Structures are given as structure tokens and as C-alpha cells.
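Asks: Can you keep this structure in mind? I'll have questions shortly.
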Amino acid sequence: MKNKKYNNLRFILLLGVMITFSSSCERDFSDDVEFSTFPPNGDVFLDNFSAGLDYFPFVDAGADPEAFSVDTSEKFEGTASMRFDVPSFGNGFVGATFNTTANRDLSSFDALTFYAKASQAASIDAIGFGIDGDTNNKFQVTLNGLDISTRWQKYVIPIPDASRLIAETGLFWLAEGASFEGDEGGYILWFDEIKFEKLGTLAQPSPAIFSGEDLSQVVFTGSSLSINGLTQTVNLGSGLNQTASLAPSYFEFSSSNNAVAVVNELGEVSIVGEGTSLITAIVSGVLAKGSLEITSAGGLLESSIPTQPAANVKSIFSDAYPNETESNFSPGFGGSTTETTITGTGNGEVLTYANNNFTGILFDSTVDASSLSFLHVDVYVQEAGTEVGIQIRDVGANQEIETDPNTGNPIEDDRDYRFTLTNLTPGQWTSFEIPLSGDLANQKNNLGALILTDGPNFILDNIYFYTE
Amino acid sequence: MDQTLFWIISISIQNKLLKMKTMKIRTTQFKLLVIIPVIAIMLGCETDEEQTVARFTNLVLSEEFNSDGAPNASIWAYDIGRGPNGDGWGNQELQYYTNSSENVTVQNGVLLITAREESIEDSQYTSARLLTKDLFEQKYGRFEARIRLPSGQGIWPAFWMLGADIDENPWPAAGEIDIMEYRGQNPSELIGSVHGPGYNGGNAISKEYTLQNDRFDTGFHIFGIEWGPEYVNFYVDDVLYNQITPEDVTGPWVFDKPFYMLMNVAVGGSFVGSPNAETVFPQTMLVDYVRVYEYNELY
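Respectively, the protein sequence lines represent chains X and P.
Going by our numbering, the first residue of the first sequence is number 1, and it counts up by one from there.
Going by our numbering, the first residue of the second sequence is number 1, and it counts up by one from there.
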């Protein structure tokens with residue numbers, strides 16, 4: 001190994017030349033056997049737009065198209081940089097993709113790299129590559145919250161699986177703006193030497209689905225759900241780990257039982273039969289962290305169709321009535337273990353709760369139920385003995401949920417009425433008409449939330465307030 | 001080519017041809033280069049091919065790890081525990097060394113030294129440290145191993161040597177040659193050092209080498225020294241990156257006596273810092289071979 005000598009190099013070269021000459025009189029391969037490929041050009045912006053590159057601001061989404069310019073006074077190297085003037089809060093945002101008119105073959109690279117600096121320390125909301133309207137952003141990669149300092153530094157966005165990137169147009173995109181009063185805005189971002197590179201220093205890729213969590217869910221035949229939380233963490237040459245969000249097409253999803261569930265390349269799971277199946281994924285041969293164990297109990301019976309006239313109803317969740325208000329079905333209360341999904345079935349949507357300890361449905365706008373008398377809810381369980389607690393909360397004139405953290409009871413101007421859904425028959429829908437009584441009898445004009453306790457596994461449908 | 005030129009210039013300026021053991025240039029070319037340095041640039045590529053990072057070729061120990069199971073007990077012994085003072089081998093290292101097959105084993109032609117996150121005694125981690133003390137000791141020669149390194153914050157693998165008289169002359173008087181040290185959080189950086197009286201611990205004579213466009217945890221690399229009277233040359237793969245001589249050390253030269261080899265994966269300690277939440281366990285160092293060649297004084 002150490003002592004290898006190359007005295008024969010010239011001879012080998014000569015031999016090579018001879019072979020080339022002697023073979024040159026043979027016919028070339030026909031064009032049929034050669035795959036045509038797009039140019040393997042990794043340059044995006046060095047000192048100006050690379051071949052075929054164009055600027056596409058996200059004008060429809062409210063981006064300021066004037067925010068971008070080519071700056072010849074600030075640059076890391078060469079003669080110019082890309083400059084973005086990030087507007088102050090309320091004046092739009094920087095958002096654009098830089099795409100080529102001619103496809104590029106990026107399969108020989110392992111990362112998008114660039115130098116960047118900002119006029120003040122900043123965090124870019126989203127930056128990456130792979131925006132392509134023709135493919136619905138099939139190979140999009142996004143870094144969220146990339147911190148940029150006030151001096152030029154190199155940044156690296158690894159390509160999850162370069163072998164897929166053989167006909168790309170979306171080379172670079174970003175979105176950054178002041179998303180609230182007091183967020184950074186009214187500053188300048190510069191980028192230079194933006195290009196795809198073969199670094200060779202990226203390692204230990206660790207992809208994840210469901211953000212790396214092992215979930216389980218009870219579902220019904222005919223329903224569908226999406227695999228979310230698609231990321232990959234890569235150890236950069238600096239030794240630091242960096243996590244990016246990936247489009248589903250980088251993953252190969254699989255279902256351990258295709259008679260129960262099938263997954264398409266967009267990570268959409270369709271439940272096709274009764275039984276259990278484990279949903280997993282790999283990226284470039286590496287098993288992703290996270291999984292979903294699906295238990296399908298077969299087809300879900302329809303809940304009974306509501307019969308109240310719409311004029312008498314203020315609805316929270318039902319396919320039979322328009323919503324009185326939009327609601328947050330996954331409020332993420334601290335300490336909550338609940339997994340809530342809105343599941344599509346052949347007969348509209350239902351709310352599926354798994355592993356519930358406590359969660360809630362928070363109304364975006366309060367509901368005035370002064371003239372209404374009941375809350376209707378349909379509930380479906382599979383296990384005998386399951387009980388579900390419902391607390392109907394009026395949040396009072398101040399429109400805020402105020403709860404004693406020790407007892408869970410309403411305080412200040414809040415009032416509630418509590419009811420337990422009990423005597424539930426497994427495998428059937430049971431309907432409840434809950435009176436707006438107790439402390440709500442005299443205060444129900446600012447209904448703001450339903451708190452759900454116990455279970456732990458149940459399905460709800462047709463949640464609405466009404467009067468007879 | 002830059003490195004070649006560096007060596008050529010060193011040779012021509014210092015005129016220490018006999019002392020420079022690091023490079024072989026055919027005599028005719030050497031004369032040419034001294035007379036007309038410009039040609040060196042033109043011939044740079046060619047002389048680069050001639051650069052020889054190591055030249056001792058008489059193999060005296062060839063440990064290829066071809067038998068599955070525990071490593072050959074006639075060559076390899078183990079340090080067990082947390083050091084004679086129970087203080088993490090003087091470095092506040094966190095691991096407890098065992099000789100369990102969970103921590104050290106040979107599989108498929110490769111020695112695996114694995115650091116695990118598991119509680120034993122007062123330690124949260126286990127790992128292994130192999131040594132050839134009293135089993136294979138040699139003065140001078142070429143010592144090299146082909147290794148794929150682990151990675152992650154707080155992971156500290158090493159391939160190194162200690163003076164065989166360490167029981168009579170405690171460290172640092174015994175001398176230490178670190179052929180390879182590496183911090184798991186710096187995956188492209190290798191450290192080669194010597195320690196002796198007056199130059200040890202944080203004041204060791206060291207040099208770091210950064211691998212270009214590659215890293216040590218994704219493939220095998222060869223780590224070696226070529227050691228003779230009054231010099232230790234450090235190389236990785238085909239790159240000679242340092243030479244340490246008595247002129248470089250700030251104390252007595254303690255490297256003219258037999259040394260033995262050690263290989264280990266430490267966790268935490270003053271040299272690397274502790275693992276963090278992102279450090280993945282287990283972490284394994286893969287050793288394809290350890291080869292030792294004897295010193296050939298003709299060079």
C-alpha cells in the first residue's frame with residue numbers, strides 16, 4: 001500500500017492510447033443504448049445567474065418581488081452576491097424560488113452549499129431546493145430556522161438521495177419575513193457562491209417519519225391518513241447534526257400487511273381491510289426512525305344522520321351542518337398524551353382519539369348558545385367499559401380559558417358543565433343529547449371549548465349545539 | 001504537489017538528506033531538482049508518485065483478525081475497569097472497560113471495539129481497551145492499522161503506544177506515542193502526538209491532520225508511524241503529515257526503547273468532553289488489521 005510505485009504509468013498510458021486508436025475503427029454504440037442525461041451543472045449563483053436560471057418570487061403568497069437584487073458591493077467572492085431586503089413586519093416577505101428553464105442532473109452532488117451573511121443576526125424561516133411546479137415539489141428539501149450571522153459563513157443543505165435528482169429545475173428557494181410584531185425585519189440578507197457540490201464530508205444520515213415517534217392508531221376500512229413529520233438528520237463535516245424536512249418522494253414507504261393498508265409514494269396510507277399493519281420507511285437504504293402501527297377494525301358503521309333543522313343548530317364538527325366556528329382539534333395541552341386525527345371515511349369525516357388522557361376542542365370564535373338547550377355528540381368505541389368525559393366550557397366575557405392548574409376547574413369568569421358518556425356499546429354509535437345545564441344554565445353565550453377526558457380510545461362525530 | 005515541493009525544499013535548504021527518512025526520490029531526479037528547481041514544478045506530479053511515506057517492509061507482526069471470536073490471546077490483553085485510581089484512566093473518562101464480547105470481538109475479518117451505553121459499577125458506559133504489553137513489544141519500526149472510526153460528541157478512539165518500562169518508569173517518563181487519536185465530534189480530524197517528561201497531557205507534541213473531502217467514520221483509513229532513532233514519522237493513508245524529532249520535544253527524548261501497542265474507544269473525559277443527547281450508542285471502531293514492520297537501519 002505505502003510502497004506502490006508508478007514507474008509503469010507512462011507505459012500504461014501509451015497502452016491506453018494504442019487501445020483507443022485500435023478500437024477507434026470499430027463502430028460506436030448506437031444511440032439507443034445511451035441514456036441521455038441533463039447537464040450535470042451544479043452552479044446556481046456565483047457572480048450572476050447560472051445558465052438558464054430565473055427568479056420566481058412568490059407574489060401570489062404575498063412576497064415582495066422588489067426585495068431581490070444583485071449586489072456588486074457586498075460579496076464573499078468574485079464580483080457580486082444575491083441580496084434580499086427583508087421587509088419590516090406587515091410589509092410582505094422575501095419569498096422566491098430560483099429555477100432553471102433547462103433541467104439539470106444533480107445526481108453527482110451531495111449538497112447545496114452557499115455563503116450567507118445578514119445585516120443583523122437573523123433566522124431564515126425556510127430555505128432549500130426542489131421547488132418545481134411541474135412535479136408538485138416532488139424532491140423538495142427545506143431547512144427551517146437557519147441562523148445567519150453578520151459575517152460570511154458557509155452553509156450546507158445535504159441532498160437526501162442524489163440518485164433521484166436527474167432532471168431538476170428548482171435549484172434554490174427561500175422564504176423569510178417578520179411573522180409577528182417584534183420579529184426581525186427591515187434587514188438585508190446576502191448569499192454568494194450558491195452551488196451544488198460533492199463534499200464527501202456528510203455522514204450518519206438518520207431519516208424519520210412521524211418525527212421519529214412510534215405511533216399506534218385504530219382505524220377503519222375505507223379511511224386514509226397521511227404520514228407526516230418527514231425529516232432527515234445528517235452529520236455535517238463540522239460534526240454538527242442538521243435536520244431538514246424532506247418531501248415524501250425521497251422515502252420508500254412500506255406496509256407490513258398490504259391486505260390491511262397500502263401506502264403510495266406520497267406517504268398517503270389507505271386502509272383497505274381488517275387486521276394490523278406496521279407502516280415504516282427507508283431513505284437511501286437507511287431505515288427511518290418512527291413508525292405507525294395500524295389496527296383496522298373493518299368498516300366503520302355510519303353514525304346516524306342528524307335530523308335537527310339547520311336553523312336550530314350551531315355546529316362544531318359535522319358533515320350535516322356548516323361549522324359555526326373553525327376549531328383547533330389538537331390543542332397540545334401540556335401533559336396530554338392524546339393523538340387526534342380527523343379521519344376520512346366513506347361517509348364523511350370523523351374525529352379519532354387515541355391514547356387520550358385529556359385534550360380539547362378549542363373554538364376559534366366563541367359560540368353564543370343563549371337560545372340553545374343541548375349539545376349533541378355521537379360516540380363510537382370498541383372496548384367495553386370505555387367512558388368519555390366531556391366538559392362544556394363557557395369562557396366568559398374576557399374570551400379566555402381560565403383554569404385552576406391544580407384542580408382543572410374553571411376560575412374567574414369561566415363556567416362549565418361536565419357530563420360522562422357512559423353505557424357505550426362496543427362496535428356501535430351511541431348518540432347523546434347533553435343539556436346545557438348546571439353552571440351553564442345562566443351563562444352560555446361565550447362557549448369556547450369542549451374538554452375531553454378518559455377513553456382512552458374513541459371516535460366522535462356530529463358535535464353540535466341545538467334547540468328543539 | 002505542494003507537499004512534495006515542501007519536502008524537496010526542506011531537503012535542499014537544510015541539506016539533511018540523510019536525516020530525512022520520509023521521501024524517496026530517484027537520484028537522477030534529485031540532482032535535477034536541486035540544480036534546476038523550476039523543473040520540480042514541471043515534474044511535480046511525477047515526483048509525487050514517487051513519494052514514499054513508509055519504507056520498512058520486513059513484516060514482523062501481521063494481525064489480520066481472520067478468526068471470529070475473541071482476539072488472539074497471545075498478542076492482545078485487556079485493561080479492565082476505570083483505571084488504577086478509578087478516575088477514568090487519569091482523564092476523567094466515563095467508560096468502564098470490559099473484555100466482554102459485547103465490547104470486543106472479531107467478526108468477518110474485522111476487530112470490533114464497541115462503546116455501549118449501559119450501567120456497570122459506577123459507570124454509564126462500557127467499552128474495551130486492548131494492549132500488547134508483555135506480549136508484543138518492539139523498539140523502532142513501522143506500526144500501522146487500518147481502521148474505520150466511530151463518531152459522535154464525546155467518542156474518543158485511539159491507536160497508541162506506551163513505553164514497555166512503564167512499571168519501572170511511570171508515565172510520562174515511560175513515553176507515549178499516539179498514532180491516532182480522534183474526537184467523534186470532529187469527524188475529519190486526526191491527531192498524532194508524542195508525550196514524555198516535560199511534554200505531556202495538554203502540552204504533548206501534537207499535530208492535527210484534516211482529511212479533505214472525506215471523513216474517518218465513513219470508510220477505512222490507514223493510521224501509522226515509522227519510527228527510528230531520533231524520529232517518529234506520522235502518516236495517514238498515503239499522506240505523511242508530521243515528523244517529530246528530539247529538536248521538537250521540550251524534554252528528554254524517551255523513544256529509544258521498546259514500546260507496546262494499545263487500541264481503545266473511550267467515552268467522555270477531558271480530551272473530548274461528555275457525550276450529549278445526539279450521541280448515538282453503540283459506537284464501534286472497526287479494525288481491519290494491525291501490522292508491525294521492523295526497523296531497517298539501511299535507511
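Cβ coordinates follow ideal geometry from the N, Cα and C atoms, glycine included.
This structure is a prediction, so every number in the text was calculated from the model and none was measured.
Apply the 10 Å Cβ neighbour rule to Pro248 (chain X) and answer buried if 16 or more other Cβ atoms are within range, or exposed otherwise.
Replies: buried
Asks: Whose CA, out of P:Ser100, P:Gly141, P:Tyr289, lies closest to the CA of Asn66 (chain P)?
Replies: Cα-wise, what sits closest to Asn66 (chain P) is P:Tyr289.
Asks: Between Leu375 (chain X) and Phe465 (chain X), how many whole angstroms is the CB-CB distance? I'm expecting something under 8 Å.
Replies: A Cβ-Cβ distance of about 6 Å is found for the pair Leu375 (chain X) and Phe465 (chain X), placing them in contact under the 8 Å criterion.
Asks: Against Ala203 (chain X), what residues of chain P qualify as contacts under a CB-to-CB distance less than 8 Å, listed in chain order?
Replies: Ser151, Pro187, Arg215, Asp217, Thr218
Asks: Under the assumption that Thr337 (chain X) contacts Asn355 (chain X) (Cβ atoms under 8 Å), give the Cβ distance between them as a whole number of angstroms.
Replies: 5 Å
Asks: Whole beta strand (DSSP E) runs in the stretch 102 to 133 of chain X with 3 or more residues, listed along the chain?
Replies: 111 to 118, 122 to 129
Asks: Establish whether the CB of Gly237 (chain X) and some CB of chain P are separated by less than 9 Å.
Replies: yes
Asks: Give the DSSP-derived three-state secondary structure of Leu33 (chain P) in the structure shown.
Replies: Caution is warranted here: a pLDDT of 41 is assigned to Leu33 (chain P), below 50, making its placement in the model unreliable, and no coordinate value can be reported.
Asks: Which word fits Tyr55 (chain X), buried or exposed, when buried means at least 16 other C-beta atoms lie within 10 angstroms of its C-beta?
Replies: exposed
Asks: Given that Glu278 (chain P) touches chain X, what residues does it touch there, using C-beta distances under 7 Å?
Replies: Listed along the chain, the chain X residues whose CB falls inside 7 Å of the CB of Glu278 (chain P) are Asn241.
Asks: Under the three-state reduction of DSSP, which class applies to Glu468 (chain X): helix, strand or coil?
Replies: In this structure, Glu468 (chain X) counts as coil in the three-state DSSP scheme.
Asks: Let me confirm a value: Thr37 (chain X) is counted as buried when at least 16 other C-beta atoms fall within 10 Å, else exposed. Which label applies?
Replies: Exposed, since its Cβ has fewer than 16 Cβ neighbours within 10 Å.
Asks: My output table needs one value for Asn89 (chain P): the three-state DSSP class, helix, strand or coil.
Replies: Note on residue identity: the sequence assigns Trp, not Asn, to residue 89 (chain P). In the structure shown, Trp89 (chain P) sits in a helix (DSSP, three-state: H, G or I).
Asks: How many angstroms separate the CA atom of Pro229 (chain P) from the CA atom of Glu247 (chain P)?
Replies: 13 Å
Asks: Does the beta-carbon of Lys75 (chain X) have 16 or more other beta-carbons within 10 angstroms, so that it is buried, or is it exposed?
Replies: Its Cβ being crowded by 16 or more others within 10 Å, Lys75 (chain X) is buried.
Asks: Tell me, to the nearest whole angstrom, how far the beta carbon of Leu131 (chain P) is from that of Asp79 (chain P); I am working on the premise that it is less than 8 Å.
Replies: 6 Å
Asks: Once you ignore the five residues that flank Pro252 (chain P) on each side, which residues in its own chain have a CB closer than 8 Å to its CB?
Replies: Gly196, Pro197, Gly198, listed in sequence order.
Asks: Compare the Cα-Cα distances from Thr231 (chain X) to each of X:Val269, X:Thr72, X:Lys289 and report the closest residue.
Replies: X:Lys289
Asks: Which residues in chain P have a C-beta closer than 7 Å to the C-beta of Gly200 (chain X)? List them in chain order.
Replies: Asn213, Asp214
Asks: Taking three-plus beta-carbon pairs below 8 Å as touching, is the stretch 222 to 242 of chain P in contact with the stretch 172 to 182 of chain P?
Replies: yes
Asks: Contact check, Thr97 (chain X) vs Gly42 (chain X) under 8 Å by CB: the rounded distance?
Replies: So it is not a contact: roughly 17 Å between Cβ atoms.
Asks: DSSP state of Thr135 (chain X), grouped into three classes?
Replies: helix
Asks: Which of helix, strand or coil does DSSP assign to Ser163 (chain X)?
Replies: helix
Asks: Should Asp175 (chain P) be flagged as near chain X, meaning a C-beta pair shorter than 9 Å?
Replies: A small correction: the amino acid at residue 175 (chain P) is Gly; Asp does not occupy that position in the sequence shown. So, not an interface residue.
Asks: Rounded to whole angstroms, what is the Cα-Cα separation between Ile451 (chain X) and Asn328 (chain X)?
Replies: Within the model, the alpha-carbon separation for Ile451 (chain X) versus Asn328 (chain X) is close to 12 Å.
Asks: With a threshold of 9 Å between beta-carbons, can Gly109 (chain P) be considered close to chain X, or not?
Replies: no
Asks: Examine the Cβ distances between the stretch 239 to 246 of chain P and the stretch 156 to 172 of chain P and report whether three or more of them are shorter than 8 Å.
Replies: Segments in contact, no.
Asks: Measure the C-alpha to C-alpha separation of Phe191 (chain X) and Ser151 (chain P) and round it to an integer number of angstroms.
Replies: A direct Cα-to-Cα measurement between Phe191 (chain X) and Ser151 (chain P) gives close to 31 Å.
Asks: Pick helix, strand or coil for Pro250 (chain X), following the three-state DSSP scheme.
Replies: Note that residue 250 (chain X) is Tyr in the sequence shown, not Pro. If DSSP states are grouped into helix, strand and coil, Tyr250 (chain X) belongs with the helices.
Asks: Straight-line CA distance for Leu162 (chain P) to Tyr260 (chain P)?
Replies: 6 Å
Asks: For Asn3 (chain X), does the three-state DSSP call read helix, strand or coil?
Replies: Note that Asn3 (chain X) scores a pLDDT of 46, beneath 50, so its modelled location is shaky; the value from the coordinates is reported in the next line. The DSSP-derived three-state label of Asn3 (chain X) is coil.
Asks: Name the residue from P:Ile205, P:Asn296, P:Leu262 whose alpha carbon lies nearest to the alpha carbon of Val254 (chain P).
Replies: Ranking the options by Cα distance to Val254 (chain P), first place goes to P:Ile205.
Asks: Does DSSP classify Leu131 (chain P) as helix, strand or coil?
Replies: In the three-state scheme derived from DSSP, where H, G and I count as helix and E and B as strand, Leu131 (chain P) is classed as strand.
Asks: Please report the straight-line C-alpha distance between Asp85 (chain X) and Gly130 (chain X), rounded to a whole angstrom.
Replies: 23 Å
Asks: What three-state label does DSSP hand Ser330 (chain X) in the structure shown?
Replies: If DSSP states are grouped into helix, strand and coil, Ser330 (chain X) belongs with coil.
Asks: Let me see if you follow: with CB-CB separation under 9 Å, is Arg183 (chain P) close to chain X or not?
Replies: yes
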